[in-house]
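Visitor:
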Amino acid sequence: MPAVRTPTNFSAAPLVTLATAFAIGVLGGNFLAIDLYLLVVGAVLTCAIAIAFRGSSIGVTAVVLGFVAAGSLSLIAERQSISPDRIRSIYDTGRVASAIPVEIEGVLSTFPEAAFEGSFLTLSTTQLSVRGEQIRTSGRVRVFVPTTEAESGIARLIYRSSVRVACHLQREDEYQNPGVTPRREILDRQGIDATCSVKSALLVEHLADERVFIPLAFIYRSRAD
Numbered sequence: 377m378p379a380v381r382t383p384t385n386f387s388a389a390p391l392v393t394l395a396t397a398f399a400i401g402v403l404g405g406n407f408l409a410i411d412l413y414l415l416v417v418g419a420v421l422t423c424a425i426a427i428a429f430r431g432s433s434i435g436v437t438a439v440v441l442g443f444v445a446a447g448s449l450s451l452i453a454e455r456q457s458i459s460p461d462r463i464r465s466i467y468d469t470g471r472v473a474s475a476i477p478v479e480i481e482g483v484l485s486t487f488p489e490a491a492f493e494g495s496f497l498t499l500s501t502t503q504l505s506v507r508g509e510q511i512r513t514s515g516r517v518r519v520f521v522p523t524t525e526a527e528s529g530i531a532r533l534i535y536r537s538s539v540r541v542a543c544h545l546q547r548e549d550e551y552q553n554p555g556v557t558p559r560r561e562i563l564d565r566q567g568i569d570a571t572c573s574v575k576s577a578l579l580v581e582h583l584a585d586e587r588v589f590i591p592l593a594f595i596y597r598s599r600a601d
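Using my numbering, the letters of the sequence shown map in sequence onto residues 377 to 601.
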């Protein structure tokens with residue numbers, strides 16, 4: 377007597393379904409103004425329904441909706457974790473306009489990274505000076521510095537070197553074509569608050585070198601090379 381096949385009542389790829397639901401929640405939180413209280417209540421409610429009706433289609437639906445709520449909650453939590461002194465917060469709120477002359481102080485979070493006709497410096501910022509005002513800051517800034525044999529100061533910079541840079545920090549595109557991802561979104565994904573380019577390495581002032589954990593400095597040096 378042939379065995380009777382019983383249909384399965386679960387998805388063949390549950391993680392794909394849950395990941396899609398989570399992504400939908402993130403997108404919804406990005407484009408819709410969803411109240412945090414409603415999201416928390418919804419997440420708790422769907423969790424309770426999933427437990428009460430586990431093994432049924434109602435429970436499965438509740439789990440999927442719970443992941444949608446979790447996606448929106450994660451986005452809100454990430455945005456609220458950004459402190460007011462972050463470079464991205466200072467520029468996004470209009471406290472300092474993009475592309476105006478500033479002086480930024482910070483320490484190198486890596487060794488200088490070689491690039492075509494120059495180097496990239498990634499700074500963990502500590503202070504921003506603009507129009508005579510000094511602002512305590514945090515966040516990471518990426519600076520492109522053109523280098524020549526006559527301007528060898530960049531070669532002396534190491535991991536945790538303290539520097540001051542005169543530049544025009546930017547978070548926005550001067551011109552943006554339709555359908556192109558905004559500059560600030562790309563920077564946020566990279567963990568960079570703002571970028572700038574200086575015309576000369578002479579605009580980068582080497583202030584001091586902090587003491588570092590030697591094995592960690594060796595790792596960063598190896599990556600830079």
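Glycine is no exception: its CB is placed at the ideal position from the N, C-alpha and C atoms.
Run the CB neighbour count on residue 487, radius 10 Å, all protein chains shown included, and call it buried at 16 or more, exposed below.
Guide: Buried, since its Cβ has 16 or more Cβ neighbours within 10 Å.
Visitor: With DSSP as the reference, please indicate the residues paired to residue 570 in a beta bridge.
Guide: The secondary-structure analysis by DSSP pairs residue 570 across a beta bridge with 517.
Visitor: Taking only runs of the alpha helix (DSSP H) that begin and end inside the segment 407-449, which ones reach a length of at least 4 residues, in chain order?
Guide: 412-428
Visitor: Using alpha carbons as the reference points, say which of 557, 409, 419 and 577 lies closest to residue 397.
Guide: Ranked by Cα distance from residue 397, the options 557, 409, 419 and 577 are led by 419.
Visitor: Compare the beta carbon distance of residue 404 and residue 459 with 7 Å and say whether it is the shorter of the two.
Guide: no
Visitor: Judging by CA-CA distance, which residue of 392, 510 and 479 is the nearest neighbour of residue 571?
Guide: Comparing Cα positions, the closest option is 479.
Visitor: Below 7 Å CB to CB, which residues in the same chain sit around residue 400 once its five sequence neighbours on both sides are set aside?
Guide: Result list for residue 400: 444 and 447, in chain order.
Visitor: Got a sec: is the Cβ-Cβ distance from residue 502 to anything in chain D below 7 Å?
Guide: The question asks about chain D, but that chain is absent: this structure has only one protein chain.
Visitor: Could you check which residue in 578, 467, 452 and 469 has the C-alpha nearest to that of residue 531?
Guide: 578
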